[in-house]
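Chains as they are written, first to last, in the numbering used here: chain S, 1 to 320; chain G, 1001 to 1444.
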Amino acid sequence: MTSTPTAPPVEAGRAADVPGRPARRRRRRIGRFSPRDIAVIGLLLGLPLLLDLALIWGPALASIGLSFTSWDGLGEIRPVGLDNYVNIVSNYPPFWPAVWHNLLWLAFLGLVATPFGLFLAVLLDREMRFTRFYQTAFYLPVVLSLAVVGFLAQLIFSRDYGAANALLGRADNPVDWLGDPSINLWSVLLLVGWRHVGYVMLLYLAGLKAVDPALKEAAAIDGANEPQTFFRVVFPTLRPVNVIVLVITVIEALRAFDIVYAINRGRNGLELLSVLVTDNIVGEASRIGYGSAIAVILLLISTGFIAVYLVQVFRREDEA
Amino acid sequence: MATFPSGPSVPPATSRPASGPAPGMLDRRRLLGGVAVTAGALALPAGLAGCEKPTEGGSGGGTVTFGSNYSDEVPKKAIAEVLAGSGLDVKINTVDHNTFQENITRYLQATPDDVFTWFSGFRMQYFAAQGLATDISDIWQSVGGDFSAAMKQASTGTDGKQYFVPFYYYPWAMFYRKSVFQERGYQVPKTWDDLKALAAKMRSDGLIPIAMADKDGWPAMGTFDYINMRSNGYDFHVNLMAGKESWEDSRVKQVFTLWRELLPYCQPGANGRTWQEAAQSLGQKQTGMYLLGMFVGQQFQGEVAADMDFFPFPQIVEAHGQDAVEAPIDGFMISSKVKNVDGAKELLRYLASAKAQNAYLKSDPNNVATHNGADTSGYSALQKKAVELVSGAKQISQFLDRDTRPDFASTVMIPSLQSFLNAPNDIDGLCRRIESQKKTIFAS
């Protein structure tokens, strides 16, 4: 069920930090290595590099190449120039909704779910009663695959037989949670958020445990109140966790796929770029060139976010 | 995944959840039994049945591999039993039907089984035209007399040769509960106006007149097909599906206009409902009628099943009457990379026999045999009626997603029909968008 089409862009983006500066430094000092060192380094670096090229750059470049062609997976591959791209933006009704939905997922996860996860982590970090219980309860959804979450969605949000309408007492005038394209996106985001919050919470909880209590005491002695202590002292020390959470949030939002696919195959209000890629590439008569073009667009969007993020990280590292 | 069994372009009959009298465990046990019988049958013929099928000449010798998408319990068990009766050494390779369909292109190019399950019509022709299927015209020369001309037509590729052996079919019609019609004195509608009058009557009686579901994307295609064939005729349907007619044609717009007349009587929220849920509402007498394929019967048991009946989709234009019936056919093909040609053909000859079809339908009675001489004595009243319906039809259509290019059906038509159900007023815009996408797809 979890198809791969979304993988290359994300992987490719992650791979961007592999060939970094060390390579340059190594060339300068290469005289200092013995032939054996070079052999070992060659093996240790070369093998991953080869795998990286074959498994990540290869497919990514192949999709870019294919995106300028028309191919049904059987016959010849015909170059069509920019036709696929022109077609996608001007003559493919689900495309713009899909872009919009992907950005909305990103905004929702980044601005609502992630901060809420942080909030829960801070609460649980205060060692209140039943902390372990809450921790488990919030983390539980992370264990469920999104396909299972999609299945649960049916039980809760089904218009005729779902629990939500029964609980809200709307059995006579039911809300079509999953079928109404102006509502279903929010129903799904709720489920996705439910899962994302637990994930983020656990990461932050681990980070908070690692914060030196002396810092907080010092801040208290300096007369800082709780919010000040948190935002000025504790939060900045969480930077490594923030970076991880940010990356996870972006990746989760851009590769989102399984839950909408499980609910209604990502149609009728739940379009996502990853679903469109799958729709076009997988199937009896594939439009591989067309689907590749959508995948390239997704790659560009992810690269955009990841480039911005990497620039930020490196700039801050240079300052430090 | 029984709640959403059907893919973008799924032949619903293959996606049937386990149903029928025997619940899960027993079924599984029987299934294992079936496999054991298969294994036994494989071992036996070599020695015992040797006299019946001499091995000299190599015909029928060796293993035949069988790629099956009969992945749900009832059909899986049924086909295993049928194949066990072939007297051949058949190795079944079952793949989940959705996966099977999604991977069919790669499957046929890589290492396909000798014989594989597939669908008639455009979908068969497509792979035949790509050179991925073996010509079986010789089989048709010997078994051709057992099938109607329409069946042969549905098994013939664009080059005039046969590539397909039809096994069973399931017509689409308006299903209803006899008891509801009796209690309220409803009459089976013969014309479009009758249908609307009946729907209005049902609504005033507190029923939702027409059950409707399109969450899976394909069920609404049946409604489109029927309104189209009734108002514009079968030939227009074929040409429209083949990309030869414009979707902006006034005749297409007329189809949507007529459909819109019916929408106020249809169950609201169709895009959030699976066909199984809609079928349940019919079974529970919340809705009055439901246009679907015969596989809808899987959803009903006992008394409710016995209470089911159907009527053919009403006439819209007199010239076309009720001539066409939508009845998708499932069957078998031989891949072009077949390893055991003689064995595969032998197996197809067997599957084309009345004996094989009888054996299958005994275990899976929600379909109708394609063989003229199949034993219909064990048929339910509904099956008998289905035979009548199809044999009286002047034309048999295969369903929208089987009569046109799969990429057009799934990437254009599914979202388009769903958006029509959401916003039925913009017919011009809808038709314009379909046509402009159709042009690029059919040009590729």
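Idealized CB from N, CA, C, for every residue including glycine.
Should residue i be flagged as near chain S, meaning a C-beta pair shorter than 8 Å?
i: I1104 (chain G); result: yes
i: D1407 (chain G); result: yes
i: G1269 (chain G); result: yes
i: P1112 (chain G); result: no
i: N1422 (chain G); result: yes
i: I1208 (chain G); result: no
i: S1336 (chain G); result: no
i: A1411 (chain G); result: According to the sequence displayed, residue 1411 (chain G) carries Thr and not Ala. It does: the Cβ of T1411 (chain G) has a partner Cβ on chain S nearer than 8 Å.
i: T1117 (chain G); result: no
i: P1415 (chain G); result: yes
i: Q1130 (chain G); result: yes
i: S1436 (chain G); result: yes
i: R1433 (chain G); result: yes
i: Q1284 (chain G); result: no
i: Q1101 (chain G); result: yes
Going by beta carbon distance, what residues of the same chain come within less than 6 Å of residue i, once the five residues before and after it are set aside?
i: L300 (chain S); result: none
i: A256 (chain S); result: W105, L272
i: D318 (chain S); result: none
i: F116 (chain S); result: V197
i: Y85 (chain S); result: A293
i: P141 (chain S); result: W194, R195, G198
Who does residue i pair with in a DSSP beta bridge?
i: F1066 (chain G); result: G:I1092, G:V1115
i: Q1395 (chain G); result: G:A1324
i: C1431 (chain G); result: C1431 (chain G) pairs with nothing; no bridge assigned.
i: R78 (chain S); result: S:S70
i: P1166 (chain G); result: G:G1331
i: Y1290 (chain G); result: G:F1175, G:A1211
i: Q1315 (chain G); result: G:T1191
i: T1156 (chain G); result: G:Q1162
i: M1308 (chain G); result: G:R1177
i: A1133 (chain G); result: G:S1335
i: V1368 (chain G); result: G:Y1169
Counting only Cβ pairs nearer than 8 Å, list the residues of chain G close to residue i.
i: L178 (chain S); result: K1215, G1272
i: V241 (chain S); result: Here the premise fails: no neighbours, minimum Cβ distance about 37 Å.
i: P59 (chain S); result: Residues of chain G passing the Cβ test: none, with the nearest at roughly 16 Å.
i: P35 (chain S); result: Going along chain G, no residue has its Cβ under 8 Å from P35 (chain S), so there is no contact; the nearest lies around 44 Å.
Taking C-beta pairs closer than 9 Å, name the residues in chain G that residue i reaches, listed in chain order.
i: Y161 (chain S); result: E1277, Q1280
i: G73 (chain S); result: T1105, R1106, Q1109
If we cut at 8 Å on Cβ distances, does residue i have a partner in chain G?
i: F279 (chain S); result: Here residue 279 (chain S) is Asp; the residue named in the question, Phe, does not match the sequence. Interface residue, yes.
i: S187 (chain S); result: no
i: P93 (chain S); result: yes
i: A12 (chain S); result: Note on A12 (chain S): pLDDT 42, under 50, position unreliable in the model; no value is reported.
i: R267 (chain S); result: yes
i: G65 (chain S); result: no
i: G81 (chain S); result: no
i: S145 (chain S); result: no
i: N102 (chain S); result: no
i: S286 (chain S); result: yes
i: G169 (chain S); result: no
i: V282 (chain S); result: yes
i: P115 (chain S); result: no
Within its chain, find whatever has a CB closer than 7 Å to the CB of residue i; leave out the 5 residues flanking it on each side and keep chain order.
i: S1086 (chain G); result: L1347, Y1350
i: A1374 (chain G); result: A1354, Q1357, N1358
i: P94 (chain S); result: E271, L276
Would you mind telling me which residues of chain G sit closer than 7 Å to residue i, beta carbon to beta carbon, in chain order?
i: S70 (chain S); result: S1444
i: N264 (chain S); result: K1215
i: N165 (chain S); result: Those within 7 Å of N165 (chain S) in chain G number zero; the least Cβ separation is about 11 Å.
Taking residue i as the reference, which of the options has the closest Cα?
i: V1317 (chain G); options: G:G1233, G:F1116, G:M1241, G:G1206; result: G:G1233
i: K1091 (chain G); options: G:V1082, G:D1401, G:L1132, G:E1073; result: G:V1082
i: I288 (chain S); options: G:A1386, G:T1105, G:K1077; result: G:T1105
i: S1250 (chain G); options: G:A1133, G:S1231, G:I1329, G:L1262; result: G:S1231
i: M201 (chain S); options: S:D125, S:I294, S:I183, S:S145; result: S:D125
i: N173 (chain S); options: S:N165, S:G179, S:W71; result: S:N165
i: F305 (chain S); options: S:V250, S:G75, S:I297; result: S:V250
Could you work out which residues of chain S lie near residue i, taking near to mean beta carbons separated by less than 8 Å?
i: Q1153 (chain G); result: The premise fails here: Q1153 (chain G) is roughly 21 Å from chain S at the closest Cβ pair, so nothing lies under 8 Å.
i: S1068 (chain G); result: Within 8 Å Cβ-Cβ: nothing; S1068 (chain G) doesn't reach chain S, min ~17 Å.
i: Q1418 (chain G); result: R267, N268
Which same chain residues, not among the five before or five after residue i, have their C-beta less than 8 Å away from its C-beta?
i: S1204 (chain G); result: none
For the ligand GDP, is there a heavy atom less than 7 Å away from the beta-carbon of residue i?
i: G1373 (chain G); result: Among the ligands in the structure shown, none appear at all, so the ligand GDP cannot be discussed.
I want to verify the contact list: residues of chain S whose CB lies under 7 Å from the CB of residue i, in sequence order.
i: T1440 (chain G); result: N87, N91
i: Q1125 (chain G); result: The contacting residues do not exist; Q1125 (chain G) stays about 12 Å from chain S at best.
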